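Undergrad: The structure under discussion is supplied below as structure tokens; questions concerning it will follow.
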């Protein structure tokens with residue numbers, strides 16, 4: 001890296017010649033012949049006393065020999081370079097002159113080590129060799145400003161990478177630490193972003209794609225050029241600024257807007273899906289929980305807060321069981337399942353889980369639900385999590401069964417593998433439930449061997465009731481399904497195909513063996529009773 005002074009004379013004779021003394025105009029009282037302070041009696045007296053120069057963040061402090069026994073403050077470094085002397089550094093075709101004070105402001109470094117060795121090898125009046133380095137002088141201009149006490153801030157990712165690499169290459173500890181703790185520079189799509197690290201300080205948002213990627217590209221200050229042996233390294237390796245070309249810059253700018261605390265108008269479900277997709281890709285888990293569809297409200301009749309959330313958005317860490325104080329069939333307590341969004345909600349609310357996708361079928365004769373496809377796997381996982389919260393033993397090791405059975409139907413995941421449910425969980429439909437059957441609303445009242453009967457709302461009577469104080473007028477539901485099964489008014493029968501359903505989850509003893517079981521309590525159901533009714537809901541492709 002350093003070359004001989006003879007080469008310096010051949011290239012820039014006016015610079016290193018003794019007839020052309022080096023000057024540093026900002027330092028007063030400098031002897032142009034020696035580059036040192038002019039010696040006055042006071043100066044000679046001070047020089048006779050042992051002292052050292054302590055440099056901390058560019059401010060020079062001269063202390064006595066007794067003070068050297070005291071530990072230096074954090075970030076302080078010792079330097080033996082004369083602060084008034086000027087040293088020459090040439091990068092490419094440009095010559096830079098820095099005082100010992102500037103070089104010592106960020107020491108120990110390659111510059112301070114080189115010139116300290118030069119001072120030891122030459123006498124006081126000898127010439128100091130010019131340091132030659134084959135690096136970019138444009139970047140070194142910024143490094144000079146840093147050494148002279150100015151704050152250096154990169155303008156884009158490319159400049160940041162070059163400045164950070166050279167700061168490590170020159171072993172400048174303070175500049176390296178400053179850049180490491182500064183903003184994160186990266187490219188998303190076709191746009192450059194400069195984001196402060198503290199924007200990811202919210203719970204769940206760190207570590208993420210950027211902090212992990214930044215630490216891989218740019219190591220912590222104690223680790224210089226990770227993965228490479230710096231000893232004998234002629235030049236640092238080429239590093240490309242972090243970039244994610246396959247993501248949308250517009251979507252990411254909206255995520256940054258949200259992280260800064262500003263609201264973003266979600267246009268539709270496809271827009272929400274774009275935001276959630278990039279949140280999961282970038283590992284912003286806290287922001288993801290804020291964006292998922294949910295509704296939190298207070299139920300005055302039940303005297304509790306409720307959270308409604310989709311089955312696929314439920315996370316294991318947020319599931320809780322809350323004992324409501326009731327005792328059913330003995331001393332075993334019963335209660336409801338509560339949920340709190342991880343990283344976001346401080347208090348859990350009573351869970352109302354929304355299950356869509358037409359993966360639920362209700363058998364009205366046995367009052368049990370059958371889940372199919374991906375819905376079955378998610379319900380099984382949720383039921384297993386609830387049983388784990390209750391510290392109940394598993395009926396079967398699901399992972400080993402799947403491996404042994406190869407994922408066949410006989411060994412597939414099922415709610416029955418948990419100790420609080422059978423393969424088809426129990427279902428409860430009470431008078432509080434709102435039921436839509438074949439696109440018509442029905443009223444639930446107790447009765448029948450299934451525990452409830454259905455009556456269809458009369459829209460005309462209901463509208464007339466809006467100005468009256470009595471109960472809404474209604475008429476009996478046509479017993480189409482009941483009469484076809486020959487059971488008269490015994491209650492609804494057959495099977496319901498659930499398009500969308502909202503359920504509360506209750507855990508209580510089963511009444512026979514006093515073992516805990518989970519019951520899906522209906523809140524709102526939209527069902528079809530036949531293929532014709534299901535096809536009626538179909539729409540044409542646009």
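In the UniProt record's numbering, the protein residues as written are 1 to 542. A virtual CB, placed ideally from N, CA and C, is assigned to each residue, including glycine. Quantities reported herein were computed from a predicted structural model and do not represent experimental measurements.
Pull up the CB-CB distance for residue 334 and residue 506, whole angstroms please, since I reckon it's below 8 angstroms.
TA: On the chain shown, position 334 is the one that residue 334 refers to. On the chain shown, position 506 is the one that residue 506 refers to. Confirmed, about 7 angstroms.
Undergrad: Quick one, are the C-beta atoms of residue 360 and residue 343 less than 7 angstroms apart?
TA: Working through the chain shown from its first residue, we reach residue 360 at position 360. Working through the chain shown from its first residue, we reach residue 343 at position 343. Not in contact: residue 360 and residue 343 (Cβ atoms no closer than 7 angstroms).
Undergrad: Alpha carbon to alpha carbon, how far is residue 510 from residue 421?
TA: Locating residue 510 in the chain shown gives position 510, counting from the first residue. Locating residue 421 in the chain shown gives position 421, counting from the first residue. So the alpha carbons of these two residues sit roughly 10 angstroms apart.
Undergrad: In this structure, how does DSSP classify residue 540 when only helix, strand and coil are distinguished?
TA: Counting from one through the chain shown, the residue named residue 540 turns up at place 540. Reduced to three states, the DSSP call for residue 540 is coil.
Undergrad: How would you write the range of the alpha helix (DSSP H) that residue 166 sits in, first residue to last?
TA: Here residue 166 refers to the residue found at position 166 of the chain shown. Where residue 166 is concerned, the enclosing alpha helix (DSSP H) stretches over 157–169.
Undergrad: Please state if the CB of residue 425 and the CB of residue 518 are separated by a distance shorter than 7 angstroms.
TA: Along the chain shown, one-based indexing puts residue 518 at 518. Along the chain shown, one-based indexing puts residue 425 at 425. A contact, by the Cβ cut-off of 7 angstroms.
Undergrad: Tell me the DSSP secondary structure of residue 109 in three-state form.
TA: The residue given as residue 109 occupies position 109 in the chain shown. The answer is coil: DSSP assigns residue 109 none of H, G, I, E or B.
Undergrad: With DSSP as the reference, label residue 147 as helix, strand or coil.
TA: Counting from 1 along the chain shown, the entry for residue 147 is found at position 147. The answer is helix: DSSP assigns residue 147 an H, G or I state.
Undergrad: Quick one: what does DSSP say residue 615 is sitting in, helix, strand or coil?
TA: In the structure as shown, the chain begins at 1 and stops at 542. Residue 615 is therefore absent and cannot be evaluated.
Undergrad: Compare the beta carbon distance of residue 427 and residue 520 with 7 angstroms and say whether it is the shorter of the two.
TA: Position 427 of the chain shown holds residue 427. Position 520 of the chain shown holds residue 520. Going by C-beta atoms, residue 427 is nearer than 7 angstroms to residue 520.
Undergrad: Please state the DSSP three-state secondary structure of residue 545.
TA: As displayed, the chain neither begins before 1 nor continues past 542, which places residue 545 out of reach and without an answer.
Undergrad: Can you name the start and end residues of the alpha helix (DSSP H) that residue 266 belongs to?
TA: Reading the chain shown from its first residue, position 266 is the one you call residue 266. Where residue 266 is concerned, there is no enclosing alpha helix (DSSP H), given that its DSSP letter is neither H nor E.
Undergrad: Measure the alpha-carbon distance for residue 265 versus residue 189 and round it to whole angstroms.
TA: Here residue 265 refers to the residue found at position 265 when the chain shown is read from its first residue. Here residue 189 refers to the residue found at position 189 when the chain shown is read from its first residue. For residue 265 and residue 189, the distance between alpha carbons rounds to 22 angstroms.
Undergrad: Got a sec? Which residues, its chain only, sit under 7 angstroms from residue 280 by beta carbon, not counting five neighbours each side?
TA: Translated into the one-based positions of the chain shown, residue 280 becomes position 280. Around residue 280: 288.
Undergrad: Here's the rule: buried if 16 or more other CB atoms are within 10 angstroms of the residue's CB, otherwise exposed. What is residue 112?
TA: Translated into the one-based positions of the chain shown, residue 112 becomes position 112. Flag for residue 112 reads buried.
Undergrad: Check this for me: beta carbons of residue 161 and residue 245, under 7 angstroms apart or not?
TA: Counting from one through the chain shown, the residue named residue 161 turns up at place 161. Counting from one through the chain shown, the residue named residue 245 turns up at place 245. The answer is no: Cβ separation not under 7 angstroms.
Undergrad: Just the C-alpha distance for residue 155 and residue 304, rounded to the nearest angstrom, thanks.
TA: As a first step, residue 155 must be located in the chain shown, where it is residue number 155. As a first step, residue 304 must be located in the chain shown, where it is residue number 304. Computed Cα separation, rounded: 52 angstroms.
Undergrad: Which residue wins for smallest C-alpha separation from residue 502, given the options 493, 508, 514, 525?
TA: On the chain shown, position 502 is the one that residue 502 refers to. Per the Cα distances, 525.
Undergrad: Do you know how far the Cα of residue 386 is from the Cα of residue 73?
TA: For the purposes of this step, residue 73 is taken as residue 73 along the chain shown, with counting starting at 1. For the purposes of this step, residue 386 is taken as residue 386 along the chain shown, with counting starting at 1. Confidence is the limiting factor: at residue 73 the pLDDT is only 44, short of 50, which leaves the residue's position unreliable, though a coordinate-based value still follows. About 54 angstroms.
Undergrad: Does the Cβ-Cβ distance between residue 583 and residue 106 come in under 7 angstroms?
TA: There is simply no residue 583 to check, as the chain begins at 1 and stops at 542 in what is shown.
Undergrad: Excluding the 5 residues preceding and the 5 following residue 191 in the sequence, name in chain order all residues of the same chain whose CB lies nearer than 7 angstroms to its CB.
TA: Walking along the chain shown from the start, residue 191 turns up at place 191. Counting only Cβ-Cβ distances below 7 angstroms, and skipping sequence neighbours, we find 249.
Undergrad: DSSP beta-bridge partners for residue 307?
TA: Along the chain shown, one-based indexing puts residue 307 at 307. Paired residue(s): 296, 351.
Undergrad: By the three-class DSSP mapping on this structure, what secondary structure does residue 152 have?
TA: Taking the chain shown and counting its residues from 1, one reaches residue 152 at position 152. DSSP places residue 152 in coil when its eight states are reduced to three.
Undergrad: To the nearest angstrom, how far is it from the Cα of residue 498 to the Cα of residue 318?
TA: Taking the chain shown and counting its residues from 1, the one referred to as residue 498 is at position 498. Taking the chain shown and counting its residues from 1, the one referred to as residue 318 is at position 318. Spanning the alpha carbons of residue 498 and residue 318 requires a straight line of approximately 26 angstroms.
Undergrad: Mapping DSSP to helix, strand and coil, what is residue 362?
TA: Translated into the one-based positions of the chain shown, residue 362 becomes position 362. Three-state DSSP puts residue 362 in a strand.
Undergrad: Can you tell which of 251, 440, 340, 262 has its C-alpha closest to the C-alpha of residue 295?
TA: Numbered from 1 along the chain shown, position 295 holds the residue referred to as residue 295. Selection 251, 440, 340, 262 evaluated against residue 295 yields 340 as nearest (Cα-Cα).
Undergrad: Is the beta carbon of residue 434 closer than 7 angstroms to that of residue 529?
TA: By 1-based counting over the chain shown, the position of residue 529 is 529. By 1-based counting over the chain shown, the position of residue 434 is 434. No, they are not a contact pair.
Undergrad: Select from 169, 173, 119, 137 the residue whose C-alpha is nearest the C-alpha of residue 93.
TA: The sequence position of residue 93 within the chain shown is 93, counting from 1. The option with the nearest alpha carbon to residue 93 is 137.
Undergrad: Can you grab the Cα-Cα spacing for the pair residue 75 / residue 291, in whole Å?
TA: Sequence index remark: in the chain shown, residue 75 carries index 75 (1-based). Sequence index remark: in the chain shown, residue 291 carries index 291 (1-based). Below a pLDDT of 50, predicted positions are generally treated as unreliable, and residue 75, at 43, falls in that range; the measurement from the model is reported next regardless. Residue 75 and residue 291: Cα-Cα distance of roughly 43 angstroms.
Undergrad: Distance check for residue 362 and residue 533, CA to CA, integer angstroms please.
TA: The residue you call residue 533 lines up with position 533 of the chain shown. The residue you call residue 362 lines up with position 362 of the chain shown. So the alpha carbons of these two residues sit roughly 16 angstroms apart.
Undergrad: Where does the unbroken alpha helix (DSSP H) through residue 173 begin, and where does it stop?
TA: Here residue 173 is taken as the residue at index 173 of the chain shown, counted from 1. From DSSP, the alpha helix (DSSP H) with residue 173 extends over 173–180.
Undergrad: Closer than 6 angstroms by C-beta to residue 275: which residues in its own chain qualify, once you throw out the five before and the five after it? Chain order, please.
TA: Here the question's residue 275 lines up with position 275 in the chain shown. If we look at residue 275 and ignore the five residues flanking it on each side, its Cβ neighbours are 291.
Undergrad: Considering residue 495, what are the terminal residues of the beta strand (DSSP E) in which it resides?
TA: As a first step, residue 495 must be located in the chain shown, where it is residue number 495. Unbroken beta strand (DSSP E) run through residue 495: 495–509.
Undergrad: Closest to residue 413 by CA distance: which of 375, 128, 430, 441 is it?
TA: For the purposes of this step, residue 413 is identified with residue 413 of the chain shown, where counting begins at 1. From the listed residues 375, 128, 430, 441, the smallest Cα separation to residue 413 is found for 375.
Undergrad: If I'm right that residue 108 touches residue 169 with Cβ under 8 angstroms, what's the distance once you round it to whole angstroms?
TA: For this step, residue 108 is matched to residue 108 along the chain shown. For this step, residue 169 is matched to residue 169 along the chain shown. Not quite, the Cβ-Cβ distance comes to about 14 angstroms (not below 8 angstroms), so this is no contact.
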